[in-house]
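This note's numbering puts the first residue of the sequence shown at 293, with every later residue one more than the last. Each residue gets a CB set at the ideal place from its N, CA and C atoms; glycine is no exception. Fair warning: this is a prediction, and the values are worked out from it, not measured in the lab.
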Amino acid sequence: MLNRQLLAPESIVVIGASNNITKPGGKILKNLIEHEYKGQLFAFNPNDPNIQGVITFNNFDDLPQIDLAILAIPAKICPEMVEKLATQKHVRAFIVISGGFSEMGKEGEILEKQMTASVNKTGGCLIGPNCIGVLTPNYAGVFTTPIPKLETCGCDFVSGSGATAVFIMESAIPKGLHFSRVISVGNSAQIGVEEVLEYWNQNAEEESFSRIKLLYIESIANPDKFLYHARSLVNKGFRLAAIKAGSSQAGSRAASSHTGALANSDSAVEALFRKAGIVRCYGREELTTVAGIFMNKKLEGKNMAIITHAGGPAVMLTDALEAGGLNIPHLTDSPAKEQLRKRLFAGSSVENPVDFLATGTAEQLGEIIDACENDFKEIDGMAVIFGSPGLTSVKDVYEVLDQKMKTCKKPIYPILPSVMNVKKDLAYFLSHGNVNFPDEVLLGRALTRVYRTPAPSDESIMLEGVDVPKIRRIIESCETGQLPPDKIHALLSAASIPYVKERVVATEEEAIEAAREIGFPLVMKVVGPIHKTDVGGVSLNIRSAESVKLEFNRMMTIHETTAVLIAEQAQGTELFLGAKYEPKFGHVILCGIGGIFVEVFKDVTSGLAPLSFDEALSMIRNLRAYPIIKGYRGNPGVSREKFAEIIVRLSSMLRFATEIKEMDINPLLGSGNKIVAVDARITIEK
């Protein structure tokens with residue numbers, strides 16, 4: 293757990309300090325001095341008696357008791373030094389900059405475990421190894437630059453990669469983003485991202501805590517712990533955004549070689565983030581743009597006004613916002629709209645986007661913002677685009693924008709692209725605590741990502757209609773491998789998931805009997821082969837006993853076929869449900885449009901079992917094929933509520949059947965309120 297000695301140490305010693313500021317030990321000491329650390333600062337190096345003008349020790353025994361030790365020495369001597377500092381000098385916080393530990397293999401892993409054991413034994417806190425250090429308003433304990441402005445109203449940031457932390461800060465600073473604490477956890481030998489989240493959550497009531505949390509993650513060692521604390525923080529009003537790197541197979545290898553981390557299934561991570569209410573980002577610029585959005589007032593609706601003096605950026609922003617589900621509504625004709633038109637230069641547009649031309653003034657910008665704030669009730673937020681060709685100062689415009697951002701109740705997102713032409717004016721604007729979004733498309737995409745991130749899920753499990761004892765009896769009666777149709781049918785029935793009427797038959801006589809019992813038209817499928825369609829093992833629209841006889845005899849000749857399944861032929865839109873068990877995470881549920889489309893278009897969304905009804909609805913709404921489910925061109929579509937209910941029932945069943953490692957129901961056929969499973973496959977592993 294993070295402690296006072298790490299976050300607000302009264303004394304710091306740099307082990308491996310140097311006068312050479314091109315070395316980590318020298319640069320850390322320099323940063324601590326230049327950023328005016330107020331406590332007692334010491335240097336330790338057996339070979340140099342005077343380092344950068346601070347009290348320097350050459351003999352370990354001469355060191356006083358110290359709160360925090362920062363180590364920049366070879367890995368092989370770190371465990372012994374940590375042991376001595378912890379036991380003899382009562383050090384309770386360590387930052388180990390040094391590399392050469394678990395990221396390098398087995399020998400390094402042994403050193404890392406020895407060092408961690410020493411810290412754990414004395415109840416201390418260890419950051420690293422293989423990290424850049426820690427930044428807080430109290431001290432700059434890193435060997436890198438730049439060092440951002442540190443203040444309590446900035447962002448809290450934890451990173452699994454030191455270099456990436458630097459690059460993210462470099463992206464953030466020009467936008468005007470400030471930081472409160474930056475913690476680079478490196479190999480996470482003791483303190484990882486989950487432990488930092490835990491500390492933030494358990495100390496959430498402290499007034500000095502930032503409401504904005506940013507995360508760069510290369511592995512999630514404990515998903516349950518991660519989810520518990522992240523969800524709790526979001527429910528308490530904190531806003532979280534994160535990058536999870538290593539989503540592809542090659543990316544996973546890269547993450548592993550970088551930190552010794554075990555990369556996780558991307559669909560599981562996506563589901564975990566959605567369940568926690570975390571805005572997922574895919575790059576540095578996107579993360580810092582989302583952080584800038586968090587710094588503004590919260591957008592409470594989906595209707596945006598675009599205020600601009602340049603047409604092109606307004607068009608690109610409109611496209612980005614509407615592609616992500618936000619609206620740029622037409623401003624309703626009204627006396628207020630007509631009054632605004634009269635206050636602008638001839639040729640200005642008071643539609644939406646509101647274009648007040650390149651000659652527009654600061655006063656006119658204020659008039660437009662006031663109208664959007666007070667008169668145009670359909671508007672929930674504003675994006676203001678204002679740059680300069682460099683002919684004149686635009687400080688008066690930025691002064692108005694600054695004042696309106698502080699007084700308006702609706703959020704205003706400034707897009708000030710002239711980062712060179714009016715550099716001084718922009719610096720003035722940022723110096724007043726504002727952020728800037730220099731790229732309108734990045735802002736549009738980030739804003740829609742924030743808008744589409746659901747609230748944290750409910751923690752309850754839906755059990756109504758889910759017969760847990762029956763599910764357990766069925767699972768316990770099965771062997772490892774693919775389940776036969778009768779077991780699949782029994783499991784879905786126990787979870788109250790509707791299934792078409794069907795029978796498995798092994799003889800021609802049984803086939804005729806089953807056909808008459810179920811009724812025509814019928815579907816016939818082989819039992820045995822996994823990919824039934826590929827081997828010609830599916831026949832539709834069977835309408836006579838003679839056809840049943842012919843198809844049965846044909847199918848029984850197909851390789852690996854052991855029987856034939858005869859089922860009623862349902863009608864409707866094809867849907868898909870699937871699940872895969874991910875170690876540590878549990879079952880990841882996937883939904884989408886069914887049939888071959890799920891394989892061809894990969895249009896699926898994911899959730900982590902158990903799911904709430906709202907989570908399931910969000911999964912459905914986030915499908916690109918959602919308009920098909922809603923219904924189009926006279927097609928009645930499928931009940932989203934009924935589909936969501938089935939998704940939730942499946943997730944509840946899987947929560948009590950962890951032996952199920954893979955399953956899919958493809959397709960479910962839905963029309964209106966009627967949805968039935970047509971084909972399913974379940975693999976269990978005891």
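Between which two residues does the beta strand (DSSP E) carrying T444 extend? T444 -> beta strand (DSSP E) spans L442 to S451.
Please report how far the alpha carbon of M293 lies from the alpha carbon of I304, in whole angstroms. Each residue's Cα considered, the two are about 19 angstroms apart.
A638: buried (16+ other C-beta within 10 angstroms of its C-beta) or exposed? Burial call: exposed.
Can you look up M848 in the DSSP assignment and give me helix, strand or coil? When DSSP states are grouped into helix, strand and coil, M848 belongs to the coil group.
Taking DSSP as the reference, what is the three-state secondary structure of F336? Secondary structure of F336 (DSSP, three-state): strand.
So I780 is in the alpha helix (DSSP H); what residue range does that whole segment cover? That run of the alpha helix (DSSP H) goes P777 to A786.
What first and last residue would you give for the alpha helix (DSSP H) that runs through M407? Segment K398 to K413, the alpha helix (DSSP H) holding M407.
Sequence-distant residues of the same chain with beta carbon closer than 6 angstroms to N619, five excluded per side: K594 and N595, listed in sequence order.
What are the boundary residues of the beta strand (DSSP E) that A432 is part of? Note, A432: beta strand (DSSP E), Y431 to V434.
For the beta strand (DSSP E) that F349 lies in, which residues bound it at each end? Where F349 is concerned, the enclosing beta strand (DSSP E) stretches over I347 to F349.
Leaving out five residues before and five after V930 in sequence, what residues of the same chain have Cβ atoms less than 6 angstroms from its Cβ? Only T865, I921 and G962 meet the Cβ criterion.
Opening and closing residue of the alpha helix (DSSP H) in which F877 lies: Unbroken run through F877: none, as it is neither H nor E.
Going by alpha carbons, who is nearest to Y264 out of S524, K528 and F565? No answer is possible for residue 264: the residues shown for the chain start at 293 and end at 978.
Classify T581 as buried or exposed, calling it buried when 16 or more other Cβ atoms lie within 10 Å of its own Cβ. Residue environment analysis places T581 among the buried positions, since at least 16 neighbouring C-beta atoms fall within 10 angstroms of its C-beta.
Would you kindly work out how many angstroms separate the C-alpha atoms of I465 and P440, rounded to a whole number? Distance between the alpha carbons of I465 and P440: 6 angstroms.
Do three or more CB pairs link the stretch 719-726 to the stretch 687-701 at distances below 8 angstroms? Yes, since at least three Cβ pairs between the stretch 719-726 and the stretch 687-701 fall closer than 8 angstroms, the two stretches touch.
Give me the Cβ distance between L360 and A385, rounded to the nearest whole Å; I'm assuming they're in contact under 8 angstroms. With a contact defined as Cβ atoms closer than 8 angstroms, L360 and A385 qualify at about 4 angstroms.
Which residue or residues does DSSP assign as beta-bridge partners of Y705? Paired residue(s): A675.
Grouping DSSP H, G and I as helix and E and B as strand, with all else coil, what is N312? Of the three classes helix, strand and coil, the one that applies to N312 here is coil, per DSSP.
Leaving out five residues on either side along the sequence, give the residues of the same chain with a beta carbon under 8 angstroms from the beta carbon of D906. The answer, listed in chain order, is P746, A747, S749 and D750.
Could you pull out every residue in the same chain whose Cβ sits closer than 7 angstroms to the Cβ of N726, ignoring the five residues on either side in sequence? Take N726, set aside five residues on each side of it, and the residues of its chain with a beta-carbon closer than 7 angstroms to its own are G468, D694, M697 and P706, in chain order.
Give the secondary structure of I952 by DSSP, where H, G and I count as helix, E and B as strand, and everything else as coil. Secondary structure at I952: strand, using DSSP grouped into helix, strand and coil.
Start-to-end residues for the beta strand (DSSP E) that takes in F386: Judged by DSSP secondary structure, F386 falls within the beta strand (DSSP E) whose first and last residues are A385 to V388.
Range covered by the alpha helix (DSSP H) that runs through E794: Taken as a continuous stretch (DSSP letters only), E794 belongs to no alpha helix (DSSP H), being part of the beta strand (DSSP E) at E794 to V797.
Closest by C-alpha distance to L299, when choosing among H470, E399, L333 and V474: Selected option, being the one with the closest Cα: V474.
DSSP state of S502 mapped onto helix, strand, coil: Here S502 sits in coil by DSSP.
Within 10 angstroms of its Cβ, does L832 collect 16 or more other Cβ (buried), or is it exposed? By the neighbour-count rule (16 or more Cβ atoms within 10 Å), L832 is not buried but exposed.
If we count Cβ pairs, one from each stretch, closer than 8 angstroms, do we get three or more for the stretch 582-589 versus the stretch 523-538? Yes, the stretch 582-589 is in contact with the stretch 523-538.
Classify K319 as buried or exposed, calling it buried when 16 or more other Cβ atoms lie within 10 Å of its own Cβ. Buried, since its Cβ has 16 or more Cβ neighbours within 10 Å.
In three-state terms, what does DSSP make of T975? Three-state result, T975: strand.
Please identify the residue among C700, S680 and I535 whose C-alpha is closest to the C-alpha of V714. The shortest Cα separation from V714 among C700, S680 and I535 belongs to S680.
When DSSP labels each residue in this structure, what does F471 get in the three-state scheme? Looking at F471 - three-state DSSP - the assignment turns out to be strand.
Would you report the Cα separation of L649 and G603, rounded to the nearest angstrom? Straight-line Cα distance between these residues: approximately 8 angstroms.
Please work out which residues of its chain come closer than 7 angstroms, Cβ to Cβ, to T610, disregarding the five sequence neighbours upstream and downstream, and give them in chain order. Result list for T610: I598, I620 and P645, in chain order.
So which of G400, V374, D448 and K779 has the shortest CA-CA distance to L489? Distance from the Cα of L489 is smallest, within the candidate group G400, V374, D448 and K779, for D448.
What's the call for R808, buried or exposed, on a 16-neighbour Cβ count within 10 Å? That one is exposed.
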